[in-house]
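Visitor: First the structure, which I've put down as structure tokens, then a few questions once you've had a look.
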Amino acid sequence: MYSLSEQRAYTITLPDPPMARRFLIGSSHGWLVTADEKSDLLLLNPITKEQMRLPPVTTMEHIKPIMSGDGVLEQYEMSYYHGLIFPQVEEPTSTYRLDRYRETVYSKAVLSSDPSTGDCTIMLIHQPYWQLSFAKVGGQTWNWIATETDYTDCIHHDGWFYAVNIEGTIDSFYLNGPSIIHKRIAYQMLMPPKMVVYIVQAPWGDKLLISRRSRTLDDNTDVTSEIMVYKVDPDNEKLINMTGIGDHVMFIGNNASLCLPVSDHPQLMSNCIYFTDHAVQSLFGVKNNKRDMGIYHLESNIVTDIVSPELWMTWLPPVWLTLNTSKTSHPRTQCVE
220 MYSLSEQRAY TITLPDPPMA RRFLIGSSHG WLVTADEKSD LLLLNPITKE
270 QMRLPPVTTM EHIKPIMSGD GVLEQYEMSY YHGLIFPQVE EPTSTYRLDR
320 YRETVYSKAV LSSDPSTGDC TIMLIHQPYW QLSFAKVGGQ TWNWIATETD
370 YTDCIHHDGW FYAVNIEGTI DSFYLNGPSI IHKRIAYQML MPPKMVVYIV
420 QAPWGDKLLI SRRSRTLDDN TDVTSEIMVY KVDPDNEKLI NMTGIGDHVM
470 FIGNNASLCL PVSDHPQLMS NCIYFTDHAV QSLFGVKNNK RDMGIYHLES
520 NIVTDIVSPE LWMTWLPPVW LTLNTSKTSH PRTQCVE
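Quick note on the working numbering: the sequence shown kicks off at 220 and runs consecutively.
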């Protein structure tokens with residue numbers, strides 16, 4: 220772990236299953252969302268060493284377990300349909316080994332709150348078609364949201380999840396009532412192609428969309444070439460181009476996207492965006508490539524290294540983490556020993 224505030228590296232010991240055998244698909248409230256070798260999801264607090272299991276993969280909408288003759292789980296079968304197809308049109312299915320499923324299907328996961336409090340929901344962006352499913356931490360099943368496709372990012376704010384797709388369509392979801400409440404905030408405000416679009420809650424109250432473009436170098440390494448920041452104007456359903464974010468800093472990647480005032484974090488660089496690789500499943504075939512990670516300066520449109528020489532490995536891809544020292548005490552949460 221590398222501390223931005225202290226500008227020094229730490230080595231910590233993490234519990235089994237070994238981190239090198241997992242995927243990292245999210246970071247929220249000081250917890251990492253990881254996928255083990257059976258592609259089941261576990262939450263891990265690397266500071267307190269606590270872990271929580273999430274509902275099994277086999278409870279997801281598009282997944283059917285394939286068992287051996289002895290009743291042992293051997294593979295997952297995924298069906299291809301989404302909520303905009305009525306009636307559902309079944310296409311040929313795909314089968315995956317237990318450990319290979321996570322390479323293709325998981326995109327990003329975001330928590331509503333600190334799960335150590337016992338009342339937390341996780342939103343998952345996943346294949347097929349980059350759809351949404353959610354689950355309660357401590358619950359038994361995943362719940363599919365049959366709506367839009369091609370989501371790239373999601374945040375939680377004031378009881379609502381906000382998800383954005385590749386075209387800048389923003390949907391909000393309230394999940395704490397007897398049924399899902401879905402409201403469309405804006406529709407198709409960006410013209411593809413965009414590599415990744417993020418949604419960020421600004422401390423001053425606005426919602427921001429972040430468009431991130433990349434280019435491929437001669438060695439087949441992808442590097443970030445441009446990051447644009449837009450303010451969302453929901454009343455007029457348009458985006459306002461921002462030249463900067465002033466005395467604030469952003470963090471984007473596989474973490475829950477953040478915007479923070481530099482006055483609270485003087486070691487960080489203002490009017491900058493700290494970024495890491497985003498879609499882990501697209502990196503599996505290029506594990507040894509240099510990771511796309513750095514500081515994007517909005518005023519000059521240049522990228523600088525966070526530290527030189529870089530300290531992190533190429534795999535697992537780095538992820539931003541805010542530390543959380545809270546111990547789990549709520550009876551609804553279940554930790555893995």
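The beta carbon of each residue, even a glycine, is placed where N, CA and C say it ideally should be.
For E296, which residues does DSSP report across the bridge?
Guide: For the purposes of this step, residue 296 is identified with residue 77 of the sequence shown, where counting begins at 1. Paired residue(s): K283 and T314.
Visitor: With a cut-off of 8 Å on the beta carbons, I'd call I389 and V451 a contact; round off their distance for me.
Guide: Sequence index remark: in the sequence shown, residue 389 carries index 170 (1-based). Sequence index remark: in the sequence shown, residue 451 carries index 232 (1-based). Their Cβ separation, rounded to whole angstroms, is 7 Å, which keeps I389 and V451 in contact under 8 Å.
Visitor: Here's the rule: buried if 16 or more other CB atoms are within 10 angstroms of the residue's CB, otherwise exposed. What is Q359?
Guide: Position 140 of the sequence shown, counted from the start, is the residue given in the question as residue 359. Burial call: exposed.
Visitor: What did DSSP end up calling M238 once you bin it into helix, strand or coil?
Guide: Taking the sequence shown and counting its residues from 1, one reaches residue 238 at position 19. DSSP places M238 in helix when its eight states are reduced to three.
Visitor: Can you name, in chain order, every residue of its own chain whose Cβ lies under 6 Å from the Cβ of V383, other than the five neighbours on each side?
Guide: Position 164 of the sequence shown, counted from the start, is the residue given in the question as residue 383. Same-chain partners within the cutoff: D372, I389, V416 and I418.
Visitor: Please confirm whether E456 and A405 have their CB atoms less than 8 Å apart.
Guide: Working through the sequence shown from its first residue, we reach residue 456 at position 237. Working through the sequence shown from its first residue, we reach residue 405 at position 186. It is a contact, given that the beta carbons lie within the stated cut-off.
Visitor: How far does the beta strand (DSSP E) with E445 in it extend, from its first residue to its last?
Guide: Here residue 445 refers to the residue found at position 226 when the sequence shown is read from its first residue. Per DSSP, E445 belongs to the beta strand (DSSP E) from D441 to D452.
Visitor: Beta-carbon separation of P274 and W349 under 8 Å?
Guide: Mapped onto the sequence shown, residue 274 falls at position 55. Mapped onto the sequence shown, residue 349 falls at position 130. Not a contact, by the Cβ cut-off of 8 Å.
Visitor: When you measure from the CB of Q420 to every non-hydrogen atom of the ligand NAP, does any distance come out below 7 Å?
Guide: Absent from the structure shown: the ligand NAP. Ligands present: none.
Visitor: Between the Cα of D441 and those of D289, P453, D511 and S287, spot the shortest distance and give me the residue it belongs to.
Guide: Position 222 of the sequence shown, counted from the first residue, corresponds to residue 441. Closest by alpha carbon: D511.
Visitor: In or out: W423 buried (at least 16 other Cβ within 10 Å) or exposed?
Guide: Residue numbering aside, residue 423 sits at position 204 when the sequence shown is read from its first letter. Exposed, because fewer than 16 other Cβ atoms sit within 10 Å of the Cβ of W423.
Visitor: Counting C-beta neighbours from all protein chains within 10 Å, is the total for N474 16 or more, i.e. buried, or is it exposed?
Guide: As a working mapping, residue 474 is identified with position 255 in the sequence shown. Buried, by the Cβ-count rule.
Visitor: Kindly confirm or deny that the stretch 262 to 270 and the stretch 279 to 293 touch, where touching means at least three C-beta pairs closer than 8 Å.
Guide: no
Visitor: What separation, rounded to the nearest whole angstrom, lies between the Cα atoms of G472 and R227?
Guide: Position 253 of the sequence shown, counted from the first residue, corresponds to residue 472. Position 8 of the sequence shown, counted from the first residue, corresponds to residue 227. Near 21 Å, if we compare the C-alpha coordinates of R227 and G472.
Visitor: Taking 8 Å as the threshold, find out whether the stretch 311 to 321 comes into contact with the stretch 250 to 262 through three or more Cβ pairs.
Guide: By the Cβ test, the stretch 311 to 321 is in contact with the stretch 250 to 262, since at least three Cβ pairs between them sit closer than 8 Å.
Visitor: Just to confirm the assignment, what range does the alpha helix (DSSP H) spanning R321 have?
Guide: Counted from its first residue, the sequence shown places residue 321 at position 102. Where R321 is concerned, the enclosing alpha helix (DSSP H) stretches over Y320 to V324.
Visitor: Find the nearest neighbour of Y229 within the set L530, K546 and S548, judged by alpha-carbon distance.
Guide: As a working mapping, residue 229 is identified with position 10 in the sequence shown. Among L530, K546 and S548, the Cα nearest to that of Y229 is on L530.
Visitor: Based on Cα-Cα distance, which residue from K546, L260, A328 and L243 lies nearest to T278?
Guide: Position 59 of the sequence shown holds residue 278. Checked all of K546, L260, A328 and L243; the closest Cα to T278 is L260.
Visitor: Under a Cβ-count criterion, where at least 16 other Cβ atoms within 10 Å of its own Cβ denotes burial, should V526 be classed as buried or exposed?
Guide: Position 307 of the sequence shown holds residue 526. With fewer than 16 Cβ atoms within 10 Å of its Cβ, V526 is classed as exposed.
Visitor: Nearest to H189 by alpha carbon, out of D466, Y370 and Y221?
Guide: Nothing in the structure corresponds to residue 189, since the chain is present only between 220 and 556.
Visitor: Which residues bound the beta strand (DSSP E) around Q270?
Guide: Position 51 of the sequence shown, counted from the start, is the residue given in the question as residue 270. Element bounds for Q270: Q270 to R272.
Visitor: Give me the Cα-Cα distance between Y295 and H281, rounded to the nearest whole angstrom.
Guide: Walking along the sequence shown from the start, residue 295 turns up at place 76. Walking along the sequence shown from the start, residue 281 turns up at place 62. Separation of Y295 and H281 (C-alpha to C-alpha, rounded to the nearest whole angstrom) is 10 Å.
Visitor: Relative to the alpha-carbon of H375, which residue among S298, V522, S258 and I341 has its alpha-carbon at the smallest distance?
Guide: As a position in the sequence shown, residue 375 is number 156, starting the count at 1. The shortest Cα separation from H375 among S298, V522, S258 and I341 belongs to I341.
Visitor: Starting from P480, trace the beta strand (DSSP E) in both directions and tell me its first and last residue.
Guide: The residue you call residue 480 lines up with position 261 of the sequence shown. Element bounds for P480: L477 to P480.
Visitor: Would you report the Cα separation of P453 and L428, rounded to the nearest angstrom?
Guide: Counting from one through the sequence shown, the residue named residue 453 turns up at place 234. Counting from one through the sequence shown, the residue named residue 428 turns up at place 209. Rounded to the nearest whole angstrom, the CA to CA distance from P453 to L428 is 12 Å.
Visitor: For the beta strand (DSSP E) that C373 lies in, which residues bound it at each end?
Guide: Residue numbering aside, residue 373 sits at position 154 when the sequence shown is read from its first letter. C373 -> beta strand (DSSP E) spans Y370 to H376.
Visitor: Under the rule that 16 or more other beta-carbon atoms within 10 Å means buried, what is M410, buried or exposed?
Guide: The count along the sequence shown starts at 1 and reaches residue 410 at position 191. M410 comes out exposed.
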